[in-house]
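J.: In the numbering used here, the protein residues as written are 23 to 209. The beta carbon of each residue, even a glycine, is placed where N, CA and C say it ideally should be. For clarity, every value in this text was computed on a predicted model and none was experimentally measured.
(1) Please state if the CB of residue 172 and the CB of residue 164 are separated by a distance shorter than 7 angstroms.
(2) Between which two residues does the alpha helix (DSSP H) containing residue 72 stretch?
(3) How should residue 71 be labelled, buried or exposed, when 16 other C-beta atoms within 10 angstroms of its C-beta is the threshold for buried?
(4) Please list the terminal residues of the continuous alpha helix (DSSP H) segment that includes residue 121.
(5) Quick check on the DSSP output: the alpha helix (DSSP H) that includes residue 161 runs from which residue to which?
(6) Taking residue 189 and residue 24 to be in contact with their CB atoms under 8 angstroms, please state how far apart those CB atoms are, rounded to whole angstroms.
(7) Per DSSP, what kind of secondary structure is residue 193 in: helix, strand or coil?
(8) Measure from the alpha carbon of residue 109 to the alpha carbon of each residue in 58, 187 and 174, then state which is nearest.
(9) Compare the Cα-Cα distances from residue 215 to each of 50, 154 and 79 and report the closest residue.
(10) Check whether the Cβ atoms of residue 89 and residue 187 sit closer than 7 angstroms, and answer yes or no.
(11) Quick one, which of 106, 36 and 161 has its alpha-carbon nearest residue 52's?
(12) Counting only the same chain and skipping the five closest in sequence on each side, list residues whose C-beta sits under 8 angstroms from that of residue 87.
(13) If you reduce the DSSP assignment to three classes, tell me which class residue 102 lands in.
(14) Where does residue 33 land, buried or exposed, given buried means 16+ other C-beta within 10 angstroms?
(15) Tell me where the alpha helix (DSSP H) around residue 30 begins and ends.
(16) Can the beta-carbon of residue 7 be found less than 7 angstroms from the beta-carbon of residue 26?
(17) Quick check on DSSP: helix, strand or coil for residue 86?
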């Protein structure tokens with residue numbers, strides 16, 4: 023749940039504030055609009071690919087890799103001087119990482135708890151995503167208004183990506199029925 027909070031935080035911050043960031047750095051407003059287009063376009067391939075990989079590899083490890091990749095991509099973007107090309111490349115790469123969390127997270131919930139209550143359980147997890155989404159959009163504006171810069175938000179986004187990667191790595195992804203059976207056998 024905490025990891026999916028970070029997904030919401032990242033995607034809302036970037037979707038709401040990347041166009042303003044580009045304009046703030048002297049780029050044409052069309053660059054921000056084009057960046058959002060590229061995020062959406064590359065998200066199609068990214069979500070499909072991450073979901074497909076989740077059928078073959080450990081979902082928790084893939085989620086760790088995805089969040090760590092976001093942190094690295096945001097970090098590289100933060101360290102470089104913004105240009106139209108950089109913003110567009112950043113947007114395309116972020117699109118590949120954008121909502122790949124959704125099939126992996128829902129798959130992980132189903133893997134651990136089974137599919138009987140998957141809709142309810144994923145709804146609870148998704149609620150944390152939406153709280154993160156609100157805070158990503160709102161905090162970005164608040165920090166910009168308070169400091170005149172998005173620097174703290176980029177740094178915070180990097181830290182959250184690393185934290186989320188670390189949170190996903192140790193998840194016990196064994197099905198609950200198996201865990202319950204093993205615990206009863208050991209008792």
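T.: Based on what the coordinates show:
(1) no
(2) Residue 72 -> alpha helix (DSSP H) spans 51 to 76.
(3) exposed
(4) Taken as a continuous stretch (DSSP letters only), residue 121 belongs to no alpha helix (DSSP H), as it is neither H nor E.
(5) 140 to 169
(6) 6 angstroms
(7) coil
(8) 58
(9) Outside the modelled stretch of the chain, which goes from 23 to 209, sits residue 215, for which no answer is possible.
(10) Against a cut-off of 7 angstroms, the Cβ pair of residue 187 and residue 89 comes out as a contact.
(11) With distances taken between Cα atoms, residue 52 lies closest to 106.
(12) Only residues of its own chain outside the window of five on either side were considered, and among them 187 have a CB closer than 8 angstroms to the CB of residue 87, listed in chain order.
(13) In the structure shown, residue 102 sits in coil (DSSP, three-state: anything other than H, G, I, E or B).
(14) By the C-beta density criterion, residue 33 is buried, having at least 16 other C-beta atoms within 10 angstroms.
(15) 24 to 46 is the span of the alpha helix (DSSP H), which, as asked, contains residue 30.
(16) Past the edges of the chain, shown from 23 to 209, lies residue 7, and the structure says nothing about it.
(17) helix
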